[in-house]
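Under the working numbering, think of the first position of the sequence shown as 1, with each following residue one higher. See structure below.
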Amino acid sequence: PLGINTIPLKPDGSPYSQEEYENLPEEEKEAILKRQEELQEAIRELFKRLGSLEEEWQKARRELTKKAAEFLIGPRFAQLKAKYAGNERVLEYLEEVQRDILENVESLQAANKQPPIPLPQQQDQYQKYRVNVIVDHSRTQGAPVVVEENATYTNLFGTIERRVQFGIMTTDFTQIRAGALHRANGGYLVLSALNLLRSPLSWEALKIALRTGKIRIEDPAQMLGIAPTEGLRPEPVPLDLKVILIGPPWLYYLLRFHDEDFRKLFTIRSDFDTEMPWDGEAEEAIARFVRARTEEDKGILPFSPSGVAKLVEYASELAGDQKKVSTRFAELSALIKEASFWAKKEGAATVEARHVKTAIEKGKFRHSLIAEKIRELIARGKLLVDVTGERVGQVNGLAVIDLGDYAFGRPTRITANVFTGKDGVVNIEREAELSGKTHTKGIMILKGYLGDRFARKRPLSLSASITFEQSYTMIDGDSASAAELLALISALSGVPVKQGIAITGSVDQKGRIQPVGGINEKIEGHFRVCEALGLDGTQGVIIPVGNVDNLMLPEDVVKAVEE
């Protein structure tokens with residue numbers, strides 16, 4: 001503390017020493033003490049007056065500084081207020097900032113003098129005035145559309161980042177980061193339903209946000225109660241957007257039946273087909289898709305008209321229908337990129353039909369190892385398949401093996417034996433518990449047909465067994481019921497069946513042949529086996545009439561048929 005001490009002086013003006021002062025008479029000492037008290041009182045009055053003057057001066061200085069600051073910042077804030085005149089929240093914020101600056105102008109001046117060494121407690125005095133723009137739509141035309149591929153909680157709702165300073169983890173409002181909900185606010189948010197449900201906290205938090213109409217940025221650790229310290233809790237942001245979930249039908253029905261909130265929040269359902277009619281509009285759509293891919297990826301060469309035409313043809317092959325093309329654009333995109341690769345390797349300037357054909361063939365080759373192994377077993381006689389001659393009670397049926405990303409067909413021997421008895425038709429696959437429900441239903445339909453055809457007047461007294469030879473896995477589907485019926489009739493009548501002719505199709509109880517799936521794979525599979533064992537010009541495949549417009553066969557198969 002600041003103060004003044006008085007020292008007794010001699011008549012000549014020099015101070016008394018301690019010894020000299022002690023030797024003074026008591027009367028003189030008392031007089032000195034009295035004068036000291038009077039002087040101290042005067043000094044105290046003087047300091048009190050100085051303190052008042054200091055306060056008045058500081059107050060006047062602060063007022064002057066405040067007026068000077070107001071003179072400097074007033075016009076700038078007036079411009080901002082005029083710019084945001086229609087936004088009450090912004091105007092309130094600007095008013096608070098202006099008032100705070102004027103009240104703390106001296107501390108802001110002191111903050112400009114930075115110490116030579118930053119201290120842990122040193123804070124940026126201007127930090128509280130900074131604006132953290134978490135979403136900027138100044139360049140967005142129309143409503144925002146956001147596609148979030150990874151719907152984690154922080155990706156959807158945002159996060160509060162932290163930084164380490166002098167070994168201490170700190171954060172403030174400038175560390176708040178927006179999520180997909182903020183970016184899509186006022187527009188549309190597209191999410192993968194499966195990805196959303198696999199992300200912890202995301203699904204429940206999204207439903208809460210949609211119900212309340214507010215976006216809350218919270219620390220997941222705090223929500224789970226495992227955060228070591230309390231963090232920031234930003235003010236909720238009003239939410240107004242449309243959420244679009246994309247997923248498989250089974251997931252939609254699962255949520256609809258088991259999640260009441262889902263039924264209330266997601267009331268509009270739309271189905272997207274995986275194919276579209278093959279017309280001029282579809283061809284133009286695929287051509288535009290090819291162009292878009294070449295513009296997005298500069299490494300893809302432009303496609304010639306023949307290249308686009310071949311791609312459209314392949315899209316129809318994917319759809320398995322002469323009148324439709326597939327909308328599985330992911331597969332088409334992969335084919336576009338690979339066709340461009342083969343065109344570059346050849347040194348071509350554009351992708352032609354031959355390059356697309358090469359890409360298709362190479363893709364099938366990479367996936368056809370299992371199909372080749374099966375054909376090898378057939379060629380070596382390990383899997384018995386006859387494609388020449390005639391047999392009683394034996395027919396070549398056609399099966400499709402689907403590996404997920406590749407499907408192929410293969411012929412399989414279906415044999416039937418008929419003998420005296422009353423057991424009826426015995427499905428050996430069912431007895432061995434290798435028959436699926438649909439296949440078992442197909443066998444029961446065969447029994448109904450046989451009863452209707454041969455046992456209207458008297459009971460059908462026979463026993464018959466039917467099976468897929470050398471098949472040791474589960475069999476399902478009714479597409480082999482026509483072949484099974486033909487094998488039974490051959491066994492009953494003793495009339496042999498040509499082994500070079502395979503057959504596919506399902507049968508109803510009236511004996512009508514019904515369309516089935518996988519026609520192209522089945523025909524090609526039988527052709528490849530006949531090709532491996534030797535084509536003699538008599539082989540072929542019998543298909544339902546209803547499947548004729550599904551024929552989209554490879555060029556070599558079509559050429560072999562023509563020859």
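In this text, a Cβ means the ideal position worked out from N, Cα and C, and glycines have one as well. Keep in mind it's a predicted model, so treat the numbers as computed, not measured.
Worksheet item: Just checking, does the segment 536-545 make contact with the segment 503-517 on the three C-beta pairs under 8 Å criterion?
Response: yes
Worksheet item: Which residues does DSSP pair with Q165 in a beta bridge?
Response: I168
Item to complete: Could you pull the start and end residues of the beta strand (DSSP E) that D448 belongs to?
Response: Looking at the sequence itself, residue 448 is Gly, so the reference to Asp does not match. Note, G448: premise wrong, no beta strand (DSSP E); alpha helix (DSSP H) at 437-454.
Discussion item. Does F272 come out as helix, strand or coil in the three-state DSSP assignment?
Written reply: Correct three-state label for F272: coil.
Worksheet item: When DSSP labels each residue in this structure, what does Y253 get in the three-state scheme?
Response: helix
Worksheet item: Per DSSP, what kind of secondary structure is A464 in: helix, strand or coil?
Response: strand
Fill in: For Y188, three-class secondary structure by DSSP
Note: Y188 maps to strand in three-state DSSP.
Practice prompt. Take every Cβ of the segment 72-88, pair it with every Cβ of the segment 29-48, and state whether three or more of those distances are shorter than 8 Å.
Written response: no
Worksheet item: Does the segment 170-188 come close enough to the segment 236-255 that 3 or more CB-CB pairs lie under 8 Å?
Response: yes
Worksheet entry | T159 versus V90: straight-line alpha-carbon distance, rounded | 23 Å
Discussion item. Since Y153 and P234 should fall inside the 8 Å C-beta cutoff, what is the C-beta to C-beta distance between them, to a whole number of angstroms?
Written reply: At roughly 15 Å, the Cβ-Cβ gap does not stay under 8 Å, so Y153 and P234 are not in contact.
Worksheet item: In the DSSP assignment, what residue or residues form a beta bridge with R410?
Response: A399
Worksheet item: Would you say the beta carbon of E148 comes nearer than 7 Å to a heavy atom of the ligand HEM?
Response: This structure does not include the ligand HEM; it has no bound ligands of any sort.
Item to complete: Closer than 7 Å by C-beta to T388: which residues in its own chain qualify, once you throw out the five before and the five after it? Chain order, please.
Response: Q499, G500, D536
Discussion item. Could you give the first and the last residue of the continuous alpha helix (DSSP H) run that contains I32?
Written reply: 26-83
Discussion item. If you follow the beta strand (DSSP E) that G424 is in, where does it begin and where does it stop?
Written reply: Residues 424-427.
Discussion item. For R99 and G74, I'd like the C-alpha separation in whole angstroms.
Written reply: Looking at the two C-alpha atoms, the distance is approximately 11 Å.
Worksheet entry | C-alpha distance - H367 paired with G347, whole-angstrom precision | 27 Å
Fill in: Bridge partner(s) assigned by DSSP for F303
V351
Worksheet item: Between the C-alpha atoms of E331 and D297, what's the straight-line distance to the nearest angstrom?
Response: 16 Å
Worksheet item: Under three-state DSSP, which class holds P1?
Response: Confidence is the limiting factor: at P1 the pLDDT is only 44, short of 50, which leaves the residue's position unreliable, though a coordinate-based value still follows. Coil at P1, not helix or strand.
Worksheet item: In three-state terms, what does DSSP make of L91?
Response: helix
Item to complete: Less than 8 Å between the CB atoms is what I'm expecting for V426 and S463, so what's the real figure, rounded?
Response: 7 Å
Worksheet item: For P11, which of helix, strand or coil comes out of DSSP?
Response: Looking at P11 - three-state DSSP - the assignment turns out to be coil, as it is neither helix nor strand.
Item to complete: Quick one: grab the DSSP three-state call for Q394.
Response: Strand at Q394.
Fill in: V312 versus A399 - alpha carbon distance
27 Å
Worksheet item: If we ignore side chains and look at the alpha-carbon of each, how far apart do S493 and D452 end up?
Response: 17 Å
Worksheet item: Using CA coordinates, which residue listed in E149, R163, Q165, V237 is at the minimum distance from R198?
Response: E149
Worksheet item: Under a Cβ-count criterion, where at least 16 other Cβ atoms within 10 Å of its own Cβ denotes burial, should A432 be classed as buried or exposed?
Response: exposed
Discussion item. In the DSSP assignment, the alpha helix (DSSP H) including V290 goes from what residue to what residue?
Written reply: In the DSSP annotation of this structure, the continuous segment of the alpha helix (DSSP H) that includes V290 starts and ends at 280-296.
Worksheet item: Given that a residue counts as buried once 16 or more other Cβ atoms are within 10 Å of its Cβ, and exposed if not, what is F157?
Response: With 16 or more other Cβ atoms within 10 Å, it is buried.
Discussion item. Could you compute how far the alpha carbon of F257 sits from the alpha carbon of G421?
Written reply: 50 Å
Worksheet item: Candidates Y93, E63, I134: which alpha carbon is nearest K128's?
Response: Y93
Worksheet item: Considering V558, what are the terminal residues of the alpha helix (DSSP H) in which it resides?
Response: 555-562
Fill in: Rounded distance between the beta-carbons of L181 and I215, thought under 8 Å
5 Å
Worksheet entry | Buried/exposed call for F408, threshold 16 Cβ in 10 Å | buried
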